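The structure under discussion appears below in the form of structure tokens.
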Ligand SMILES: [Zn+2]
Ligand SMILES: [Zn+2]
Ligand SMILES: [Zn+2]
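Residue numbers (the numbering used here): 137 to 469.
In structure tokens:
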């Protein structure tokens, strides 16, 4: 069973894997690319994954058989394990608990070479709808305090398989990165009685210099203090703390904003490796007034090195205003 261990100084949690731990010779193991012939995510290879949790399929097709459009399966190598109790314990000053959680893979398309730049908007809608469905289902499990949905695209961004997929990890603790945003938003709210994200969105829309995409419900923009070149956030214009509360019509406009923004990034940067993450309120939703869900996209164009690791500072060689200007000139609607 994996363990969750807390750093006593920074309060950061780390997951340590104890079953089949890797030795020095296992590094660096670079993931091997597959051409689809032996890809466990390709149609016809359904038996190579654990039994599916959910799928959207053609009529009259059976679970764990071809005919799906989006398929969700448990991760074969989970960072956290679904069964068991947390068993919080302390040894001396060290706190730990069992690594309980859910770790699922969302197989985004049956097409091994499909990508956000080539797939239809309807397919993107199916993907984001599957995110919302899984989010709402897992939120009912009281052991989980946070549900993280993310995508690694390209080996340099951490993807171990080429076949387009995203992942979901439900954790029994609130991640430190999220907590920092929650705390910052809370302080702003106590001072101004307004949501800081709503204020940011309002100011970005009125200034316009960092806007990348906009529709009825969503806006994509390069954040003022972008850490990475071409970092882009997509946020709902109306205040909403939890991604799980996204409504039917908003799923369509969200899919459209995600599709449009990624197509701009993929075209302008020539298919870069990238990560995206949905930041949403913790499951207990005590921060409904001041937290505001959003999706963060980080193209992996620079490497995080010593200065960043040592300081928490990021050096960004592309001002966000420049990034937005390049993306708007991409010719993608
Ligand atoms: Zn494949
Ligand atoms: Zn807000
Ligand atoms: Zn965030």
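Note that CB positions come from ideal geometry on N, CA and C, so glycine has one too. Predicted, not measured: the structure shown is a model, and the values here were computed from it.
| Item | Value |
| --- | --- |
| Same chain, Cβ closer than 6 Å to residue 430, neighbours up to 5 away in sequence not counted | 369, 371, 415 |
| C-beta contact flag for residue 377 and residue 444 at 8 Å | no |
| Chain D within 8 Å of residue 423, Cβ atoms only | Structure shown: chain D not included; a single protein chain is present. |
| C-alpha gap between residue 154 and residue 309, whole angstroms | 20 Å |
| Burial state of residue 434, where buried means 16 or more other Cβ atoms lie within 10 Å | buried |
| Reduced DSSP category for residue 348 - H, G, I as helix; E, B as strand; rest coil | strand |
| Short Cβ contact (8 Å threshold) for residue 365 with residue 438 | yes |
| Chain-order list of residues whose beta-carbon lies under 6 Å from that of residue 417 (same chain, five-residue window excluded) | 377, 378, 423, 427 |
| Residue environment, residue 300, which counts as buried when at least 16 other CB atoms sit within 10 Å | buried |
| First through last residue of the alpha helix (DSSP H) which encompasses residue 268 | 257 to 275 |
| Strand pairing of residue 369, partner residues [DSSP] | 357, 432 |
| Ligand 2 heavy atom lying under 7 Å from the CB of residue 333 | yes |
| Residue of 289, 353, 236, 204 minimising C-alpha distance to residue 282 | 236 |
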